[in-house]
Amino acid sequence: MAVRLITAAVGIAVGIGVLFLSDTMFFYIVLATISLFIIHELFTAEECKEYKSECITCYLYTVCVHLFLGFETLMDFDRFWRYLLSILCVFLLFALFVIDKKRIPFDKLCVMAASAVLVNGSISCIGTVKNYSDVHGVCYVVLVLAGAWLGDAGAYFVGSAIGKHKLCPDISPKKTVEGAIGGVVTTGIIFVIYAYFYRMVQLSMGVDDFSVNYIVLAVVGMVCAVLGMLGDLSASLVKRQTGIKDFGKLMPGHGGMLDRFDSVLFVAPFLAIVLKFLPVFG
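Take the position in the sequence shown, starting the count at 1, then add 413; the result is the number in our numbering.
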């Protein structure tokens, strides 16, 4: 537990530093780095690393897609090129498949293509929500990360205290129904509390007054917790089927990058949609 707490503290400190630089290209380089680690860990788990050409294609695509996202923000770059890049990545992977069809099985190719497109699509949503507002963009990023991680923390403490009924014993034996409910409720409550203090701090800094839709925010927070649990259980199932304990050893006590960001992959796209059509700050 001590190691986990120390790693978490270091991670929070690094995260705060990254948010301070969110108006620079460094922010998008960090997103690219996170995606690279996640994709590499998935390729390792699924035994795809031996297919060098396909791996290099996916890695290059990962770097480019996040740099293009940064260009869209900082240089008014047309987002069309980022979408085109995704299509070209898949086309190139299948071209490599046709060139040497006996070298890589079709199922491995599909795993690599899906991992590259879906992981980058999800992680890039963090940059997308940041770009929704010059004033609230950083707050939106915090909501994404909080929505992904608060549910797990709440579920752990509530489950440890009163958890009796197993949620998914075949996938994650330690998760309980009571813990899951506690995590969902906790996330909704903390979303509301965070928004309240965020508004107070912004007003004290001279930002124009704005309203907060607390009811919508609470519901959104609870949905995020559910999606976060789905992401966590999905990653746990992948680990069970591939026979590994953790996706990596990058973060002591937490495992690899995917072990920490599995929930984010599910929460970030949801909040990108919600915040696009239903702004929580008026």
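Don't be surprised by glycine CBs; every beta carbon is placed ideally from N, CA and C. Please read these numbers as outputs of a predicted model, since none were measured by experiment.
Asked	Found
V511 versus C523: straight-line alpha-carbon distance, rounded	13 Å
Cβ shell of L646 (< 7 Å), same chain only, five flanking positions each side left out	C581, I584 and S585
Endpoints, the alpha helix (DSSP H) within which C637 is located	Y627 to T655
Beta-carbon gap between F440 and L449 smaller than 8 Å	no
Exposure of H578, with buried meaning 16 or more beta-carbon neighbours within 10 Å	exposed
Start-end ranges of the beta strand (DSSP E) lying completely within the region 552 to 629, minimum 3 residues	579 to 581 and 585 to 589
Helix, strand or coil at M525 [DSSP, three-state]	helix
Inter-residue Cα distance where the pair is I657 and L691	40 Å
Three-state secondary structure (DSSP) of L488	As written in the sequence, residue 488 is Met, which differs from the Leu given in the question. Coil.
Closest Cα partner of T446 within the set C477, L640 and L501	C477
Where G550 sits in the DSSP three-state scheme	helix
Exposure label - K689; buried when at least 16 CB within 10 Å	exposed
Proximity winner among M613, V629 and F519, relative to D622 (alpha-carbon distances)	M613
For M664, the residue or residues it bridges with in DSSP	G668
Beta carbon of A559 nearer than 8 Å to that of I603	yes
Bounding residues of the alpha helix (DSSP H) (the contiguous stretch that carries Y496)	F493 to I512
For F694, the residue or residues it bridges with in DSSP	V625
8 Å CB neighbourhood of W494 in its chain, flanking five on each side removed	F481
Neighbourhood of H667 by C-beta, 7 Å cutoff - its chain only, sequence neighbours within 5 removed	R417, T420 and R673
Chain B contact for L487 (CB, 8 Å cutoff)	Of the protein chains in the structure, only one exists, and it is not chain B.
Simplified DSSP assignment, three categories, for D520	helix
Segment limits, alpha helix (DSSP H) that includes Y441	M438 to A458
Supposed close pair C471, A508 - CB separation, criterion 8 Å	In fact, because the Cβ distance is near 14 Å, the residues do not count as touching under 8 Å.
Option in G564, K543 and A566 with minimal Cα separation from V555	K543
Beta-carbon separation (whole angstroms), G572 vs T600, contact threshold 8 Å	In fact, because the Cβ distance is near 14 Å, the residues do not count as touching under 8 Å.
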